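Protein chains in written order, with the numbering used here: chain A, 6 to 306; chain B, 42 to 484.
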Amino acid sequence: MGFFERLKSGIAKTKQNLIQKVENVFQQKRIDESSADEIEEILISADFGAQSATEIVELLKEKIRAGEIKTLDNLKAFLRQEMSRMLGHSQPIVFFGERPFVILTVGVNGAGKTTTIGKLASRFVSEGYSVLIGAADTFRAAAIEQLETWAKRAGADIIMHKSGSDPAAVAYDTVEAAKHRGIDVVIIDTAGRLQTKTPLMEELKKIHRVIKKSFNDAPQEILLVLDATTGQNAISQARLFNDAVGITGIALTKLDGTAKGGIVFAIKRELGIPVRLIGIGEGIDDLKDFNPEEFVKALFD
Amino acid sequence: MFDSLSEKLESIFNKLKSRGFLKEEDVDVALKEIRLALLEADVNYKVVKEFIEQVRQRAIGKEVLESLSPGQQVIKIVHDTLCETLGGQSSRIQLAANPPTVIMMTGLQGSGKTTTSAKLARIFRKEGRRPLLVAADLQRPAAIDQLITLGKQLDIPVFSNKDTKDPVFLSTEALKQAKIDGRDIVIIDTAGRLHIDEDLMNQLQRIKDSVKPHEVLLVADAMTGQDAVNMAKTFNERIGIDGIILTKMDGDARGGAALSIRHVTGKPIKYIGVGEKIDALEQFYPDRIATRILGMGDVLTLIEKAQQSFDAKEAEKLQKKLIEEEFTFEDLRDQLKKIRSMGTIESLLSMIPGMNKAIKDVKVDEKEFVKIEAIINSMTKQERANPNILNGSRRRRIAMGSGTSVADINRLMKQYLEMKKMLKMFKGGKKGFRLPKDFSFFQ
Chain A
6 MGFFERLKSG
16 IAKTKQNLIQ
26 KVENVFQQKR
36 IDESSADEIE
46 EILISADFGA
56 QSATEIVELL
66 KEKIRAGEIK
76 TLDNLKAFLR
86 QEMSRMLGHS
96 QPIVFFGERP
106 FVILTVGVNG
116 AGKTTTIGKL
126 ASRFVSEGYS
136 VLIGAADTFR
146 AAAIEQLETW
156 AKRAGADIIM
166 HKSGSDPAAV
176 AYDTVEAAKH
186 RGIDVVIIDT
196 AGRLQTKTPL
206 MEELKKIHRV
216 IKKSFNDAPQ
226 EILLVLDATT
236 GQNAISQARL
246 FNDAVGITGI
256 ALTKLDGTAK
266 GGIVFAIKRE
276 LGIPVRLIGI
286 GEGIDDLKDF
296 NPEEFVKALF
306 D
Chain B
42 MFDSLSEKLE
52 SIFNKLKSRG
62 FLKEEDVDVA
72 LKEIRLALLE
82 ADVNYKVVKE
92 FIEQVRQRAI
102 GKEVLESLSP
112 GQQVIKIVHD
122 TLCETLGGQS
132 SRIQLAANPP
142 TVIMMTGLQG
152 SGKTTTSAKL
162 ARIFRKEGRR
172 PLLVAADLQR
182 PAAIDQLITL
192 GKQLDIPVFS
202 NKDTKDPVFL
212 STEALKQAKI
222 DGRDIVIIDT
232 AGRLHIDEDL
242 MNQLQRIKDS
252 VKPHEVLLVA
262 DAMTGQDAVN
272 MAKTFNERIG
282 IDGIILTKMD
292 GDARGGAALS
302 IRHVTGKPIK
312 YIGVGEKIDA
322 LEQFYPDRIA
332 TRILGMGDVL
342 TLIEKAQQSF
352 DAKEAEKLQK
362 KLIEEEFTFE
372 DLRDQLKKIR
382 SMGTIESLLS
392 MIPGMNKAIK
402 DVKVDEKEFV
412 KIEAIINSMT
422 KQERANPNIL
432 NGSRRRRIAM
442 GSGTSVADIN
452 RLMKQYLEMK
462 KMLKMFKGGK
472 KGFRLPKDFS
482 FFQ
């Protein structure tokens, strides 16, 4: 199964929910301004967020009034165009500058950080890069063991301290070790934390500072791992993590299970932070670069 | 939790309150805003629709009390409807007539099943029962280790078997073991699974058929969006759930999922997870949460928390001390420890009515409390009992020992003296203050 097929099957639920609903609603009906309200409902039910939905719907109403949208095909074309516009272009992780390229992963509890790191490490290793993982989630019980299992599967090295030790020290040691060993990519796991917990966010800032102390260019990528089933709180997560350490990209996990995906649009709209990766399955290679064009295309085809 | 929704409704109602009386168009404006607020709070749009319709009918209908202002009337109607949607009464886990009571934990990946299993076991043990935890998540790497570690922390046994890949077999074995060991509660932690994953849902069904649990609990993340409805519905239809535990309620998620899940399954929310610490699981009280949504604070929960941490006898002892003005640094340290054991100061403050708004931008520095404890710990017994002997050189020594400065110690001394002065007034001296019967430091 090629990537495009996999993406299609992964987000089949989104498609079913979104596009087919649109089709069902309008198969027999004339398209007028009241149709726009129904579209709003459909978008909101897909976690687009009230504001993003309203924005699209206002535009839609204008077009309907102007007589530009008359048929179901017009409507689909409009939604496709708008969604593509909102998401912008594909922005995957690109390595740059001096080695090591350090990726710091952050996120709330249960978002899927450790699993994402496992998949990401596996991908970089298979692409021929040397990868070193830093097990800086020293809080959650057995988080280190979980990461160790993933590191083994991926064929990556791992730096770990004892459970309960200082996460910043782990991060520092990992970057130091990577410098000495001439490692290409460093991925640092951190404990899940709710974005509103001030002391934990301070801890995260410290980890960030300490990484810089070892290597001033690092971390080149700060990846927020987001659960796609999350509703509008995802925006608060993105905002507060961004305030704390400056997010450069988002990994959207569990996109295969949810019937939604609209949060992708809301985040892009509210914060302009690009979605870099999406998790569309449980397999080790089910983490893909996010491609907005293909994502929208898969919704409609 | 629910902070943002509370704020939203508050601002709407403030607008209403400022008008003399409520017109029909005002109701509609309010309802429009409530609809938006609920949608932004991730309440499912279908649930919102029905909720709004209910409120509208009531607002226009007869349920209008003369003693209330129009704004208060809408608040009351919204509050009552919220309470009803959330489930009216609080509901507990039913224990089986013939132990062991078997509880099966289910839910999506990352919703918090393993942590919640341990928290639940702790609550049962606290009630004097003998729980057994069962590590039946054979999917996620190190899930077994995680539960074993948590079990060790709590000193509660964990049944596990790393050699099998069959959770059905493991669960049946665990049940046998529980009966042999005389365990009266068995909590089975299953692997996280997507509700659309047929194979794993079938497996869950087989576990259920083989152990016949008395309670199947769905563990759901409070931050879940619109999809909460589909997830909860599928779990309920495929497996049949008896109750819900809502996790991560300590964040700023507006928690609309609570309304949605409750509405579509009709099953009670039994507990809420409110923190990472092993004791951060609370009973769910629909009326309190509804009150909280309306920005009235959750005073009841706060009081209950305080009562739990303050042993009655100790309180009496303390009260006596207070009256006799013997309140020492030793006592202050004990009090601080207890307050901190109730949760973060921020989470405590947010439960006090009106505080939600007030402390929004205030950051309570937990470190301050650590500092105070460190200072007190660095004192000798004699110094703690009789702070008046703290001269310059003693203060310097304490500062060195606790890693603070003399200024910190002076500040603490000043606070301590002020506290004592306050207590003196309570004692009923010149000003005639009288100490209430149930007085404690916390008040």
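We put the CB at the ideal spot given by N, CA and C, even for glycine.
Small disclaimer: the values here were computed from a predicted structure and weren't measured.
Below 8 Å on the Cβ atoms is my contact criterion, and I expect residue i with residue j to pass it. Report the Cβ-Cβ distance as a whole number of Å.
i        : j        : result
A:ILE164 : A:VAL175 : 7 Å
A:LEU292 : A:GLY284 : 5 Å
A:ARG70  : A:GLU38  : 7 Å
B:HIS304 : B:THR126 : 6 Å
A:ALA140 : B:GLN187 : Incorrect: roughly 14 Å between the Cβ atoms, too far for contact.
B:ASP230 : B:SER152 : No, B:ASP230 and B:SER152 are not in contact; Cβ-Cβ is about 12 Å, not under 8 Å.
Using a cut-off of 7 Å between C-beta atoms, extract the partners of residue i located in chain B.
i        : result
A:SER39  : The premise fails here: A:SER39 is roughly 16 Å from chain B at the closest Cβ pair, so nothing lies under 7 Å.
A:THR312 : This structure leaves residue 312 of chain A out entirely; chain A is present only between 6 and 306.
A:GLY115 : GLY151, SER152, GLY153, ASP262
A:GLU46  : TYR86
A:ASP232 : GLY151
A:THR76  : None at all; the shortest Cβ gap to chain B is about 26 Å.
Starting from residue i, find everything on chain A with Cβ-Cβ shorter than 7 Å and list it in chain order.
i        : result
B:GLY444 : What B:GLY444 touches in chain A: nothing, since even the nearest Cβ is about 17 Å away.
With residue i as the anchor, note down where its alpha helix (DSSP H) starts and where it stops.
i        : result
A:MET206 : 203-219
A:PHE106 : Run containing A:PHE106: none in the alpha helix (DSSP H); it sits in the beta strand (DSSP E), 106-111.
B:GLU168 : That residue, B:GLU168, is in no alpha helix (DSSP H); it is neither H nor E in DSSP.
B:MET420 : Unbroken run through B:MET420: none, as it is neither H nor E.
A:THR59  : 55-70
A:ARG198 : Segment: none, A:ARG198 is in no alpha helix (DSSP H) and carries neither H nor E.
A:GLU275 : 268-276
B:ILE302 : 297-306
A:THR121 : 118-131
A:ASP78  : 77-92
B:GLN98  : 86-101
B:ARG181 : It is not in any alpha helix (DSSP H) - B:ARG181 carries neither H nor E in the DSSP assignment.
A:ILE240 : 238-250
B:GLN244 : 239-252
Keeping to the same chain, check which residues put their C-beta closer than 6 Å to that of residue i; ignore five residues upstream and five downstream.
i        : result
A:ARG198 : LEU205
B:GLY284 : LEU258, LYS308, PRO309, LYS311
A:ARG104 : ASP189
Terminal residues of the continuous beta strand (DSSP E) containing residue i?
i        : result
B:MET264 : No beta strand (DSSP E) holds B:MET264; DSSP gives it neither H nor E.
B:ILE285 : 284-288
A:LYS293 : 292-294
B:TYR312 : 310-314
A:ASP232 : 226-232
A:ILE138 : 136-141
A:ILE255 : 254-258
B:LEU136 : Looking at the DSSP string, B:LEU136 is not in any beta strand (DSSP E), and its letter there is neither H nor E.
B:GLY444 : Taken as a continuous stretch (DSSP letters only), B:GLY444 belongs to no beta strand (DSSP E), as it is neither H nor E.
Going by beta carbon distance, what residues of the same chain come within less than 7 Å of residue i, once the five residues before and after it are set aside?
i        : result
A:GLN151 : THR119
B:ALA1   : This structure does not reach residue 1 of chain B, given that chain B is present from 42 up to 484, and the question cannot be answered.
B:ILE413 : LEU377, LEU453
B:THR445 : LYS412, ALA415, ILE416
B:MET290 : MET42, ALA263, GLY296, ILE313, GLY314, VAL315
B:GLN218 : PHE200
A:GLU217 : Reading the sequence as shown, one finds Lys at residue 217 of chain A and not Glu. Counting only Cβ-Cβ distances below 7 Å, and skipping sequence neighbours, we find ALA223.
What does residue i reach in chain A if we use C-beta pairs closer than 9 Å?
i        : result
B:GLY297 : GLY236, GLN237
Within its chain, find whatever has a CB closer than 8 Å to the CB of residue i; leave out the 5 residues flanking it on each side and keep chain order.
i        : result
A:GLN242 : GLY112, VAL113, GLN200, LEU229, LEU231, THR235
A:ILE272 : LEU231, ALA239, ILE240, ALA243, ILE255, ILE278, VAL280
B:LYS274 : VAL305, THR306
B:PRO141 : LEU173, LEU216, ALA219, LYS220, ARG224, ASP225, ILE226, VAL227
Determine the chain A residues that contact residue i at a beta-carbon separation under 8 Å, and present them in chain order.
i        : result
B:ALA162 : Neighbours of B:ALA162 on chain A: none; closest Cβ ~14 Å, over 8 Å.
B:LEU211 : Within chain A, no residue comes near B:LEU211; the closest Cβ sits about 18 Å away, beyond 8 Å.
B:LYS289 : VAL113, ASN114, GLY115, LEU199
B:ASP69  : The premise fails here: B:ASP69 is roughly 16 Å from chain A at the closest Cβ pair, so nothing lies under 8 Å.
What residues from chain B crowd round residue i, counting only those whose CB sits closer than 9 Å?
i        : result
A:ILE151 : As written in the sequence, residue 151 of chain A is Gln, which differs from the Ile given in the question. Residues of chain B passing the Cβ test: ARG181, PRO182, ALA183, ALA184, ASP186, GLN187.
A:ILE268 : GLY266
A:ILE154 : The sequence shown places Thr at residue 154 of chain A, rather than the Ile named in the question. The answer, in chain order, is PRO182, ALA183.
Strictly below 8 Å CB to CB, what residues from chain B border residue i?
i       : result
A:SER89 : Simply none; closest approach about 22 Å.
A:ALA51 : GLN267
Residues of chain C with a CB under 7 Å from the CB of residue i: which are they?
i        : result
B:THR190 : The chain inventory of the structure shown lacks chain C, comprising the protein chains A and B.
>> Runs of 3 residues minimum, wholly inside the stretch 189-235 of chain B: which ones carry the beta strand (DSSP E) assignment?
In response: 226-231
> Hey, which unbroken runs of the beta strand (DSSP E) at 3 residues or more fall wholly within the stretch 144-184 of chain A?
Replying inline: 162-164
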